[in-house]
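Numbering (the UniProt record's numbering), first residue to last: 1 to 345.
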């Protein structure tokens, strides 16, 4: 495999090498969207910047180096638009602080904290933003070495601030829309992943909370892949949902994420279950629909704002390393979509 360099990245993205170089340097003259695209592509290709580590005498003239550690399993095949939105927010805000971003993709299955800690020390990170769940022990080891802020995951560690979308209120609003359309039998579905997914449990918890707030019954049998030992594949999930629709057990289902919802809708079509005519479906995240699919009713997560807020908190944590820990919630926007209709059962 040929060595990855800035010229190769420039060719791939059809940008000038100067633009790539300035994007990697977090130059304020380059817009945040271009920076995010370059940083994301470079990290996925395994490009390592030759970042000169600063020493005390140089610290007033050299930019500080901030790590961005993205936990993503190698088998993940979804679009990187989510990460680019977060990176846009980080790049936009961090350029005001004369910092260089060192973006690293990490497979949580590796569980090799020493590899990341060596990166922290060798590159001289002044702070790090964690995106998506890492093993808590590893996250705590990183936080003991360098100021740390987490996006999405709340590690409940004295030294790790966290920024997340308000999942509880967002899912309540979606279920309230279903309730207003006459739905009383509302199920929940998620996939099983090869890594720990606490965000699924938080969204499931928000679902249960919403049911009780609306005085609806919680039926354990219509909650899929949340019970210990239950590990249905996406195809099996669709078959179970179809069976529940035919039996009159549910008229709507809340999916833990948009990519699950879109796959479910496609699989249900092979079971002759129409969305939303036979079943209403909601998701979470704000992912654009696949080709020729309807826009799912969802929560549009403000990923760019999460990136900005995390950067703001990282500056605070660097300047005040012993300050009380903060857990910040950002409101998501409800996208009505085309997958909710009036309950017929």
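Ideal placement from N, C-alpha and C gives every residue a C-beta, glycine not left out. Since we're looking at a predicted model, the values are computed, not measured.
(message) Considering only the alpha carbon of each residue, which of 102, 34, 310 lies closest to residue 84?
(response) Comparing Cα-Cα distances from residue 84 to each of 102, 34, 310, the minimum goes to 34.
(message) Rounded to whole angstroms, what is the Cα-Cα separation between residue 14 and residue 42?
(response) Spanning the two alpha carbons is a distance of roughly 14 Å.
(request) Apply the 10 Å Cβ neighbour rule to residue 183 and answer buried if 16 or more other Cβ atoms are within range, or exposed otherwise. (result) With 16 or more other Cβ atoms from the protein chains shown falling within 10 Å of its own Cβ, residue 183 counts as buried.
(request) State the DSSP-derived secondary structure class of residue 199, mapped to helix, strand or coil. (result) Helix, per DSSP.
(request) Using three-state DSSP, classify residue 29 as helix, strand or coil. (result) Assignment of residue 29 by DSSP, reduced to helix, strand and coil, places it in the coil class.
(message) So, under 8 Å CB-CB, residue 163 and residue 332 are touching, yes? Tell me the CB distance rounded to an integer number of Å.
(response) Contact flag wrong, Cβ pair sits at about 13 Å.
(request) Using the DSSP secondary-structure output, state which residues sit across from residue 66 in a beta bridge. (result) Partner(s): 101, 127.
(message) Strictly by DSSP, which residues pair up with residue 106?
(response) In DSSP, residue 106 forms a bridge with 71.
(message) Please report the distance separating the alpha-carbon of residue 214 from that of residue 168.
(response) Whole-angstrom Cα-Cα distance: 13 Å.
(request) Specify, as a first and last residue, the run of the alpha helix (DSSP H) that residue 83 falls within. (result) Boundaries of the alpha helix (DSSP H) harbouring residue 83: 81-94, taken from the DSSP string.
(request) Can you check DSSP and say which residues form a bridge with residue 255? (result) Answer is 189.
(request) For the beta strand (DSSP E) containing residue 335, list its first residue and its last residue. (result) Segment 333-335, the beta strand (DSSP E) holding residue 335.
(message) Starting from residue 16, trace the beta strand (DSSP E) in both directions and tell me its first and last residue.
(response) Segment: none, residue 16 is in no beta strand (DSSP E) and carries neither H nor E.
(request) Could you give the DSSP three-state label for residue 116: helix, strand or coil? (result) Assignment of residue 116 by DSSP, reduced to helix, strand and coil, places it in the helix class.
(message) Quick check on the DSSP output: the beta strand (DSSP E) that includes residue 180 runs from which residue to which?
(response) That residue, residue 180, is in no beta strand (DSSP E); its alpha helix (DSSP H) goes 167-180.
(request) Buried or exposed for residue 284, please, with buried defined as at least 16 other CB atoms from any protein chain shown within 10 angstroms of its CB. (result) Residue burial is scored here from C-beta neighbours: residue 284 has at least 16 other C-beta atoms within 10 angstroms and is therefore classed as buried.
(request) Could you pull the start and end residues of the alpha helix (DSSP H) that residue 309 belongs to? (result) Start and end: 303-319.
(request) Determine the burial state of residue 322: buried for a count of at least 16 other Cβ atoms within 10 Å of its Cβ, exposed for fewer. (result) Of the other Cβ atoms in all chains shown, fewer than 16 fall within 10 Å of the Cβ of residue 322; this residue is therefore exposed.
(message) Please report the straight-line C-alpha distance between residue 144 and residue 199, rounded to a whole angstrom.
(response) Straight-line Cα distance between these residues: approximately 24 Å.
(request) Pull up the distance between the alpha-carbon of residue 229 and that of residue 192, whole angstroms please. (result) When rounded, the distance between both Cα atoms is 10 Å.
(request) Would you identify the three-state DSSP class for residue 343, choosing helix, strand or coil? (result) Looking at residue 343 - three-state DSSP - the assignment turns out to be coil, as it is neither helix nor strand.
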